[in-house]
Amino acid sequence: MLKLSRLNNNPLCNALIIVVFLYVCVSASYSHALESIESDLKLESELEQLKSQVLQLNRELYILEEDLLFPASTQVAIFVSIDIGQFFKLDSVEVKINNQDIAGFLYTQRQREALEQGGIQKLYLGNLKVGNHELTAIFNGLDTEQRAVKRAVNYQFEKDDESLMIELKLVDETSNFRTKVVVEEWVL
Amino acid sequence: MTKRLFSLIVCVFTLVSPLANSQSQQRVKTDLADKYYRQALYFYFQGEPVNALTQVERTKLRFGQLNDHTRLLQAGLQVSLGLHTQAQQSLLQFNHNYLNDTDGQEGQRAPELLLVAQLSLAEQFIEQGKNIEAQQTLASISVMYSRYHPQYTMLNQLAYWPGSGKLIVAEVDTSTAFDEPREDSLFTPYIQLNTALKFIENGDFMQAVDLLNVLKVSTWFAREQTFWQLLFSSALLSFDNASLIDSTPSATEKQSQGINDYAQLLLAQVYVLQEKYESAYFELQSFPQHSPYRESALYLFALAAQESKRYTSAFNIFSLLHKQYPYSHLSWQAGELLAEQLTEQQSLAHGLQAYQLLETFYQQRLTELDGFEQLPYQNIDTANSIWLKQALQSPSLSHLYQELVEVAALTKKLQSLQAKSHWLAETISLNQQRKSLLLTSQKHKKQQVLINNLTQQRNEFADKLSAVNRVNVINKKTQGNNIQIFGTAFANDVERQWLKRINKSKRSLSYISKHSDKSSVKQQTKLTDYQHRLNRVQGLLKWQLNQQFPERAWQHKKQLKTIDTLLADTQRQQEKNLAMSQSQHSLSKLIEQQLQGSAQVKRLLAKSHQLHEDITSNITNTVNQFIKQERQLIAQHQLSTKRAMANIIETMTVNDSKVEQQLKLSISPQKTEARP
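These protein sequence lines map, in sequence, to chains A and B. First residue of the first sequence: 1, per this note's numbering; consecutive thereafter. First residue of the second sequence: 1, per this note's numbering; consecutive thereafter.
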């Protein structure tokens with residue numbers, strides 16, 4: 001496309017210069033280019049391998065940490081999810097167990113959208129003694145008319161020597177255009 | 001005694017473990033695989049692909065295998081993180097599992113997922129230059145949805161490039177509710193641009209011109225992409241805090257404008273190739289000023305102007321290009337074309353001056369290149385050089401720098417993992433100490449002996465209780481409602497004291513009666529009176545005890561049941577503690593894992609340092625090569641400039657000698673005439 005002529009008044013001379021120049025450049029750099037491509041590919045492969053190994057190590061240490069700090073016999077995890085989220089724009093949540101604050105979270109738009117798109121957030125992971133306990137969750141947010149509203153739930157549960165997982169679901173009720181909090185204890 | 005036994009058991013149980021009551025209620029099992037998948041989704045939607053992938057891997061560890069959705073998500077995340085080999089393996093595995101489904105779930109599985117996997121796999125093959133495999137993968141597609149058709153067509157073009165790709169999939173399934181008609185999807189601008197390029201390559205300029213004329217004025221709107229298309233999209237590579245895909249109206253408009261501009265530029269190039277310089281000139285007259293293709297368009301515009309003999313325009317545009325893009329190869333060519341035009345259009349002196357300026361310009365570039373060579377350009381943060389920016393226009397060098405940044409990030413991550421590994425080692429050590437303390441305490445307290453004693457006491461108590469109950473039943477049967485003294489078994493302390501006093505009084509009365517004077521009426525009357533009073537008190541007490549017997553018996557039975565539960569739990573916890581004390585397995589397994597992790601961190605750190613060195617070395621080589629090529633190109637331009645200058649000087653000399661000769665000729669007759 002680009003015009004390389006007009007460099008000299010003699011077209012034949014120009015062509016000769018260009019051919020010689022290209023030949024010198026190409027022949028000198030061809031072997032180097034091949035080596036360079038091979039080397040780049042090798043590096044890319046090594047980098048990918050390293051990345052994969054780092055991810056694997058990260059995962060193993062994460063699991064090790066969780067096994068060590070939160071053994072199944074005392075482990076309790078609390079999750080938050082949103083079913084549609086049309087009537088309640090989630091802003092924050094506070095969770096108490098046996099009247100003691102254990103977790104609180106202030107949501108960004110992106111985090112709220114992540115929940116509205118079907119994601120489940122692990123809000124809290126901790127340890128709890130075997131026995132009967134009481135969980136209280138208070139969700140703060142805005143309703144469809146941008147008024148500040150709260151939705152709360154109180155839930156009695158029993159912790160045995162298996163890990164316990166509780167999901168707090170904000171579910172839209174089309175019958176009254178409100179959102180209610182539903183507690184689901186996962187059956188393992 | 002019951003109370004004491006109860007309190008003792010509670011005390012021992014508190015020492016051993018908290019209360020644990022098993023729940024026998026039957027409940028439906030939660031779909032944990034889905035819950036884990038949605039946790040990964042939460043991380044993904046937040047722009048945390050590493051955590052999302054970790055979550056997916058944990059799901060795999062927990063369940064042994066992944067369901068279709070999770071496996072596809074895994075592949076998408078691997079693509080996002082640049083783990084192309086693993087992504088390819090995941091997709092191959094997905095395809096294999098789907099096509100060899102032996103669970104009879106085919107009817108329940110979404111064919112859309114298979115299509116997504118096949119398209120993504122083909123894309124991976126194309127990226128790795130494996131076009132045959134890409135063609136085979138595309139050929140294996142049997143179901144197509146209109147939303148994926150443009151992607152399929154594009155991949156097909158790329159897989160068969162530069163040949164013509166066969167569109168094997170003829171059927172588009174429009175039965176699904178979400179699917180849309182395919183009319184406009186076939187004609188996405190990128191596919192049209194590729195088609196136009198193909199026409200140009202084949203020398204079919206007429207068709208190319210027709211297509212580009214349509215494309216340069218058409219408006220294009222980005223179609224909403226499905227979740228899976230977004231997942232496998234390379235837009236996620238940067239993981240910035242913006243939205244996952246920039247689909248804002250301004251971005252869409254920019255993209256649409258960019259396509260129009262490129263079509264216009266391509267059209268002008270076709271005209272230049274056909275030597276239709278007038279058409280090229282008019283085509284580029286309306287080219288947008290702020291287009292990303294401005295530099296190429298300026299050069300082409302100036303060239304078209306020069307060829308169509310619009311010398312003033314050509315001069316101005318070449319000057320502008322040369323001034324605005326001093327490091328561009330097009331600009332260097334423009335400079336020479338400008339000097340040539342000056343030579344031809346104005347004068348040799350002007351031309352010579354322009355060439356001299358060009359020579360100085362090239363000399364400056366060479367000096368700058370010498371300076372750039374000395375810079376620490378391996379560190380992209382410190383080397384802020386215009387020449388580095390030029391060098392980074394090479395995709396391979398840019399890729400190397402990207403790799404260097406990634407290695408730096410990985411090294412940082414590894415350092416944080418090393419710190420975590422140390423911390424885990426300390427935590428394990430603390431746990432070991434705590435465990436040994438617990439074991440010592442357990443040995444000291446001899447809890448099993450205590451539990452056995454309590455169990456024995458409980459059994460004795462239960463025997464007594466059942467004996468009392470048995471006697472009570474017999475008594476009820478034989479005496480009807482006239483319940484006798486058996487209620488004394490559950491008497492409280494005060495009542496027991498009373499019963500003791502009554503018995504003592506009875507013995508005293510019996511003794512007095514035996515040794516009293518039988519003839520004394522007064523004494524006998526008193527004795528009878530005492531006896532009656534004692535019988536009344538005893539009767540009242542027995543009546544009271546019998547009244548309370550059923551309630552007290554029930555309470556004792558209830559307490560016995562509670563004691564049984566507590567004893568069972570205590571025994572279970574004790575056995576658990578014993579098992580834990582006898583086996584070091586759980587903690588030693590953690591220690592082993594920690595040690596392995598620590599060793600792995602060291603290995604990977606060494607590897608990352610080595611990789612850093614290798615990439616730096618490659619960058620140095622590539623930059624050196626770039627500098628060498630730039631020097632060669634400048635030298636070549638210098639050579640042509642010198643030649644042009646030599647030609648001008650030669651022409652000037654010739655011209656001068658001609659003038660001189662003419663002058664000589666004109667002077668010599670006068671001289672001849674002057675000589676007599």
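Note that CB positions come from ideal geometry on N, CA and C, so glycine has one too.
Reduced DSSP category for residue i - H, G, I as helix; E, B as strand; rest coil
i: Arg-27 of chain B; result: coil
i: Tyr-23 of chain A; result: The predicted position of Tyr-23 of chain A is uncertain, since its pLDDT is 46 and thus under 50; a value taken from the coordinates is nonetheless stated next. In the structure shown, Tyr-23 of chain A sits in a helix (DSSP, three-state: H, G or I).
i: Ser-347 of chain B; result: coil
i: Gln-402 of chain B; result: helix
i: Phe-177 of chain A; result: coil
i: Glu-46 of chain A; result: helix
i: Gly-127 of chain A; result: Residue 127 of chain A is actually Asn in this sequence, not Gly. If DSSP states are grouped into helix, strand and coil, Asn-127 of chain A belongs with the strands.
i: Gly-539 of chain B; result: helix
i: Gly-203 of chain B; result: coil
i: Pro-181 of chain B; result: Unreliable positioning characterises Pro-181 of chain B in this predicted model, as indicated by a pLDDT of 46, which lies under 50. The coordinate reading is nonetheless provided below. If DSSP states are grouped into helix, strand and coil, Pro-181 of chain B belongs with coil.
i: Tyr-155 of chain A; result: strand
i: Lys-607 of chain B; result: helix
i: Asn-241 of chain B; result: Residue confidence is low: Asn-241 of chain B scores 38 on pLDDT, short of 50, so the model does not pin down where it sits. Its coordinate-derived value is still stated next. If DSSP states are grouped into helix, strand and coil, Asn-241 of chain B belongs with coil.
i: Ser-308 of chain B; result: coil
i: Phe-221 of chain B; result: coil
Range of the contiguous beta strand (DSSP E) that encloses residue i
i: His-290 of chain B; result: Careful: His-290 of chain B lies outside any beta strand (DSSP E) and carries neither H nor E.
i: Asp-161 of chain A; result: Segment: none, Asp-161 of chain A is in no beta strand (DSSP E) and carries neither H nor E.
i: Phe-125 of chain B; result: Unbroken run through Phe-125 of chain B is the alpha helix (DSSP H), 111–127; no beta strand (DSSP E).
i: Ala-72 of chain A; result: Unbroken run through Ala-72 of chain A: none, as it is neither H nor E.
i: Leu-106 of chain A; result: 100–106
Range of the contiguous alpha helix (DSSP H) that encloses residue i
i: Thr-136 of chain A; result: Here Thr-136 of chain A belongs to no alpha helix (DSSP H); instead the beta strand (DSSP E) covers 131–142.
i: Ser-678 of chain B; result: The shown model of chain B, from 1 to 676, leaves out residue 678 of chain B, and the question about it has no answer.
i: Ile-120 of chain A; result: From DSSP, Ile-120 of chain A is part of no alpha helix (DSSP H); its letter is neither H nor E.
i: Lys-504 of chain B; result: 493–515
i: Lys-96 of chain A; result: From DSSP, Lys-96 of chain A is part of no alpha helix (DSSP H) but of the beta strand (DSSP E) over 89–97.
i: Asp-68 of chain B; result: 68–80
i: Ile-317 of chain B; result: 311–324
i: His-137 of chain B; result: Rather than His, the amino acid found at residue 137 of chain B in this sequence is Thr. Note, Thr-137 of chain B: alpha helix (DSSP H), 131–139.
i: Ile-386 of chain B; result: 386–391
i: Trp-228 of chain B; result: 227–231
i: Phe-282 of chain B; result: 277–285
i: Leu-33 of chain B; result: Sequence inspection shows Ala at residue 33 of chain B; the Leu mentioned does not correspond to that position. Element bounds for Ala-33 of chain B: 32–45.
i: Lys-60 of chain B; result: 49–63
Residue burial classification, residue i (beta-carbon count within 10 angstroms, cutoff 16)
i: Phe-372 of chain B; result: buried
i: Lys-202 of chain B; result: Per the sequence shown, residue 202 of chain B should be read as Asn rather than Lys. By the neighbour-count rule (16 or more Cβ atoms within 10 Å), Asn-202 of chain B is not buried but exposed.
i: His-322 of chain B; result: buried
i: Ala-110 of chain B; result: exposed
i: Val-116 of chain B; result: buried
i: Pro-550 of chain B; result: exposed
i: Asn-618 of chain B; result: buried
i: Gln-497 of chain B; result: exposed
i: Glu-57 of chain B; result: buried
i: Val-659 of chain B; result: exposed
i: His-680 of chain B; result: There is no way to answer for residue 680 of chain B, as the model of chain B reaches only from 1 to 676.
i: Ile-132 of chain B; result: exposed
i: Trp-543 of chain B; result: exposed
i: Asn-459 of chain B; result: exposed
i: Arg-27 of chain B; result: exposed
i: Ser-441 of chain B; result: exposed
i: Glu-162 of chain A; result: exposed
i: Ala-75 of chain B; result: buried
CB-CB length for residue i against residue j, believed under 8 Å
i: Phe-43 of chain B; j: Ala-52 of chain B; result: 4 Å
i: Leu-47 of chain A; j: Val-405 of chain B; result: Contact doesn't hold; Cβ gap of about 11 Å is too wide.
i: Leu-61 of chain A; j: Gly-597 of chain B; result: 5 Å
i: Ala-334 of chain B; j: Leu-266 of chain B; result: In fact, because the Cβ distance is near 20 Å, the residues do not count as touching under 8 Å.
i: Glu-336 of chain B; j: Ser-640 of chain B; result: 7 Å
i: Val-50 of chain B; j: Leu-81 of chain B; result: 7 Å
i: Tyr-107 of chain A; j: Asp-83 of chain A; result: Tyr-107 of chain A to Asp-83 of chain A, Cβ: 16 Å. No contact.
i: Leu-128 of chain A; j: Ile-97 of chain A; result: 7 Å
i: Asn-220 of chain B; j: Ile-191 of chain B; result: Here the sequence assigns Trp to residue 220 of chain B, which means Asn is not the residue at that position. Rounded, the Cβ-Cβ distance is 11 Å, inconsistent with contact.
i: Glu-38 of chain A; j: Glu-403 of chain B; result: At roughly 15 Å, the Cβ-Cβ gap does not stay under 8 Å, so Glu-38 of chain A and Glu-403 of chain B are not in contact.
4-residue-minimum alpha helix (DSSP H) runs that sit fully inside the region 546–589 of chain B, ordered along the chain: Listed in chain order, there is nothing to give.
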